[in-house]
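Taking this note's numbering, the leading residue of the sequence shown gets 4, the next gets one more, and so forth. Virtual Cβ for every residue (Gly too), placed ideally from N, Cα, C. To start, the structure under review is shown below, and the notes come after it.
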Amino acid sequence: MTLRQLRCICEVINSRYNLTVAAKVLHMSQPGISRYVKMLEEELGVALFVRRKNRFDALTPAGQAIAAVASRVLRDVQSIPSVARDYRDGDAGTLVIATNPGHARYSLPPVMQRFIKRHPRVRVRIRQGNSSQVGEWVLSGEAELFIGTGPNEPNRELVLFPCHSIHPVILTPPTHALAHKERITLADLCEHPIITYDSEFAFHTNIMRAFHAKGLNPEILLSASDAEIMKIYVRGGLGIAILANSAYNSATDEGLRAIEARHLFKSAVLHIGLRRNVYLTKHLIAFIELFAPHLDIKEVQRAIA
Numbered sequence: 004m005t006l007r008q009l010r011c012i013c014e015v016i017n018s019r020y021n022l023t024v025a026a027k028v029l030h031m032s033q034p035g036i037s038r039y040v041k042m043l044e045e046e047l048g049v050a051l052f053v054r055r056k057n058r059f060d061a062l063t064p065a066g067q068a069i070a071a072v073a074s075r076v077l078r079d080v081q082s083i084p085s086v087a088r089d090y091r092d093g094d095a096g097t098l099v100i101a102t103n104p105g106h107a108r109y110s111l112p113p114v115m116q117r118f119i120k121r122h123p124r125v126r127v128r129i130r131q132g133n134s135s136q137v138g139e140w141v142l143s144g145e146a147e148l149f150i151g152t153g154p155n156e157p158n159r160e161l162v163l164f165p166c167h168s169i170h171p172v173i174l175t176p177p178t179h180a181l182a183h184k185e186r187i188t189l190a191d192l193c194e195h196p197i198i199t200y201d202s203e204f205a206f207h208t209n210i211m212r213a214f215h216a217k218g219l220n221p222e223i224l225l226s227a228s229d230a231e232i233m234k235i236y237v238r239g240g241l242g243i244a245i246l247a248n249s250a251y252n253s254a255t256d257e258g259l260r261a262i263e264a265r266h267l268f269k270s271a272v273l274h275i276g277l278r279r280n281v282y283l284t285k286h287l288i289a290f291i292e293l294f295a296p297h298l299d300i301k302e303v304q305r306a307i308a
């Protein structure tokens, strides 16, 4: 059994059983991939794939179990350079954090200031994406961790650690009719054009679920990934915004009024997300301790093992 055989299995699955795509990724021929898979099946004594007309069509039950192990093995192999760098580079290194634009702008800066001050030789890269993308980057090893409310679809290879709650608020101009209403309802919101996050974000899903549960269909005038863009349009009188409370600062957000909306929409939990079995470098541990001081690193290590 070789790592190349395991890579063939995993890439065939990642390519949705399209050998043309898998061959390009692996820089192999299609017959070469088939041969490696066949050799592994003969060695193990079980079929890994269901074949139809000599094409891979699906995983067998044995293939599902073995592919899960193969995926973990390959991820562990990917961690070896991180282990080596941790010992080789000392207090230098790189930390890649995946998050969405809102958390990059509002949640990370205070922590990053302290982190960079303590670890000036560590180069930090922040990759911004939606809920699905940040999880995929962590799973693929393109990022060490993500900061977010979690992917839309649970994945057992991602381990989530709760940090704090994020509450929804409604932003309006100070003179807006809703700004002086004692208790706002979902029906009240539907009387106005709404500005909120793109549909790829979990926050959008939670908002729409609340409306649909009451049989309401709000007019989503504009959606964006950046809360600052939403604020511009609210100030311009184009609609009201529903966004995370972390995106509003009463001291700096002039021309806006924030209205509490926890009675209308569920609060979300901000998480740190790590890939299962990932090696925790010194810099990754240092960041987690600053961002989520309530987390016990030994408990984190046990949870991802």
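Original post:
Are three or more beta carbon pairs between the stretch 255-268 and the stretch 204-213 nearer than 8 Å?
Top reply: yes
Original post:
Alpha carbon to alpha carbon, how far is Gln81 from Gly144?
Top reply: Along the sequence shown, read from residue 1 onward, the residue named residue 81 stands at position 78. Along the sequence shown, read from residue 1 onward, the residue named residue 144 stands at position 141. If you take the alpha carbons of Gln81 and Gly144, they lie about 8 Å apart.
Original post:
Helix, strand or coil for Cys193 per DSSP?
Top reply: Indexing the sequence shown from 1 puts residue 193 at position 190. In this structure, Cys193 counts as coil in the three-state DSSP scheme.
**OP:** State whether the stretch 119-134 contacts the stretch 96-109, with contact taken as three or more CB pairs (one from each stretch) at a distance under 8 Å.
**Re:** yes
**OP:** Let me know the secondary structure DSSP gives Asp360 once reduced to three states.
**Re:** It is not possible to answer for residue 360, since the shown part of the chain is limited to 4 through 308.
**OP:** Return helix, strand or coil for Leu267, following the three-state DSSP convention.
**Re:** Here the question's residue 267 lines up with position 264 in the sequence shown. Reduced to three states, the DSSP call for Leu267 is coil.
Subject >> Assigned secondary structure, Val114 (DSSP; H/G/I helix, E/B strand, else coil) >> reply: For the purposes of this step, residue 114 is taken as residue 111 along the sequence shown, with counting starting at 1. In this structure, Val114 counts as helix in the three-state DSSP scheme.
**OP:** Can you say whether Ile69 is buried or exposed, counting buried as having 16 or more other CB atoms within 10 angstroms of its CB?
**Re:** By 1-based counting over the sequence shown, the position of residue 69 is 66. Burial check for Ile69: the Cβ neighbour count within 10 Å reaches 16 or more, so the residue is buried.
Subject >> Buried versus exposed call for Arg78 [16 or more other C-beta atoms within 10 Å across all chains shown] >> reply: Your numbering for residue 78 matches position 75 in the sequence shown. When all chains shown are included, Arg78 counts as buried.
Original post:
From His122 to Val99, what distance separates their C-alpha atoms?
Top reply: Within the sequence shown, residue 122 is the residue found at index 119, counting from 1. Within the sequence shown, residue 99 is the residue found at index 96, counting from 1. Taking the straight line from one Cα to the other gives about 14 Å.
Original post:
Hey, how far is the Cα of Ser18 from the Cα of Glu46?
Top reply: On the sequence shown, position 15 is the one that residue 18 refers to. On the sequence shown, position 43 is the one that residue 46 refers to. Approximately 24 Å, taken between the alpha carbons.
Subject >> Runs of beta strand (DSSP E) wholly within the stretch 124-170 (minimum 3 residues, chain order) >> reply: 125-131, 148-151 and 161-169
Subject >> Close beta carbons around Phe294, own chain, < 6 Å, minus the five adjacent residues each side >> reply: As a first step, residue 294 must be located in the sequence shown, where it is residue number 291. Closer than 6 Å at the Cβ level, and outside the excluded window around Phe294, lie Val114.
Original post:
Hey, how far is the Cα of Glu44 from the Cα of Ile12?
Top reply: For the purposes of this step, residue 44 is identified with residue 41 of the sequence shown, where counting begins at 1. For the purposes of this step, residue 12 is identified with residue 9 of the sequence shown, where counting begins at 1. Roughly 11 Å separates the two Cα atoms.
Original post:
Can you tell me whether DSSP reads Gly35 as helix, strand or coil?
Top reply: On the sequence shown, residue 35 is found 32 positions in, with the first residue counted as 1. Of the three classes helix, strand and coil, the one that applies to Gly35 here is helix, per DSSP.
Original post:
Pairing CB atoms from the stretch 146-160 with CB atoms from the stretch 181-199, are three or more of them under 8 Å?
Top reply: no
Original post:
Quick one: any contact between the stretch 300-308 and the stretch 242-252, if contact means 3 or more CB pairs under 8 Å?
Top reply: Pairwise C-beta distances place the stretch 300-308 out of contact with the stretch 242-252, as fewer than three of them are shorter than 8 Å.
**OP:** Tell me, please, which residues DSSP counts as bridged to Ile16.
**Re:** Position 13 of the sequence shown, counted from the first residue, corresponds to residue 16. DSSP lists no partner for Ile16.
Original post:
According to the Cβ coordinates, are Glu203 and Ser249 closer than 8 Å?
Top reply: As a first step, residue 203 is located in the sequence shown; it is residue number 200 there, counting from the start. As a first step, residue 249 is located in the sequence shown; it is residue number 246 there, counting from the start. With contacts defined by Cβ atoms closer than 8 Å, Glu203 and Ser249 do not form a contacting pair.
Subject >> Beta-carbon contacts of Pro221 that lie in its chain and below 6 Å, excluding the five residues immediately before and after >> reply: The sequence position of residue 221 within the sequence shown is 218, counting from 1. So the list reads Cys193, Ile197 and Phe214, once near-sequence residues are dropped.
Original post:
Excluding five sequence neighbours on each side, which residues of the same chain lie with their C-beta closer than 7 Å to the C-beta of Gln116?
Top reply: To locate residue 116, count along the sequence shown from 1; it is residue 113. Taken in chain order, the list of residues that qualify is empty.
Original post:
When you compare only the Cα positions, how much space is there between Pro112 and Val24?
Top reply: Locating residue 112 in the sequence shown gives position 109, counting from the first residue. Locating residue 24 in the sequence shown gives position 21, counting from the first residue. Cα to Cα, the separation comes out at about 40 Å.
Subject >> Ser32 to Trp140 span [Cα, whole Å] >> reply: For the purposes of this step, residue 32 is taken as residue 29 along the sequence shown, with counting starting at 1. For the purposes of this step, residue 140 is taken as residue 137 along the sequence shown, with counting starting at 1. Taking the straight line joining both Cα atoms gives about 27 Å.
Original post:
For Ile262, is the classification buried or exposed, using 16 other Cβ atoms within 10 angstroms of its Cβ as the cut-off for buried?
Top reply: By one-based count along the sequence shown, residue 262 stands at place 259. Result: buried.
Subject >> Ala213 - containing alpha helix (DSSP H), residue span >> reply: Sequence index remark: in the sequence shown, residue 213 carries index 210 (1-based). Segment Ala205 to Ala216, the alpha helix (DSSP H) holding Ala213.
Subject >> Cβ-based burial, Ala101 [other Cβ within 10 Å; buried from 16] >> reply: As a position in the sequence shown, residue 101 is number 98, starting the count at 1. It is buried - the Cβ of Ala101 has at least 16 other Cβ atoms within 10 Å.
Original post:
Who are the near neighbours of Asp229 in its chain, counting only those whose CB is closer than 7 Å to its CB and skipping five residues on each side?
Top reply: The sequence position of residue 229 within the sequence shown is 226, counting from 1. Here the set comprises Pro104.
Original post:
Does the separation of the CB atoms of Leu152 and Leu273 fall below 8 Å?
Top reply: Residue mapping note: residue 152 aligns to position 149 of the sequence shown, counting from 1. Residue mapping note: residue 273 aligns to position 270 of the sequence shown, counting from 1. One point to set straight first is that residue 152 is Thr, not Leu, in the sequence displayed. The answer is yes: Cβ separation under 8 Å.
**OP:** Look at Ile173 and Ile187 and say whether their C-beta atoms are less than 8 Å apart.
**Re:** The residue you call residue 173 lines up with position 170 of the sequence shown. The residue you call residue 187 lines up with position 184 of the sequence shown. Yes.
Original post:
For the candidate residues Thr97, Leu142 and Glu147, whose alpha-carbon lies nearest to that of Arg124?
Top reply: Position 121 of the sequence shown, counted from the start, is the residue given in the question as residue 124. Among Thr97, Leu142 and Glu147, the Cα nearest to that of Arg124 belongs to Thr97.
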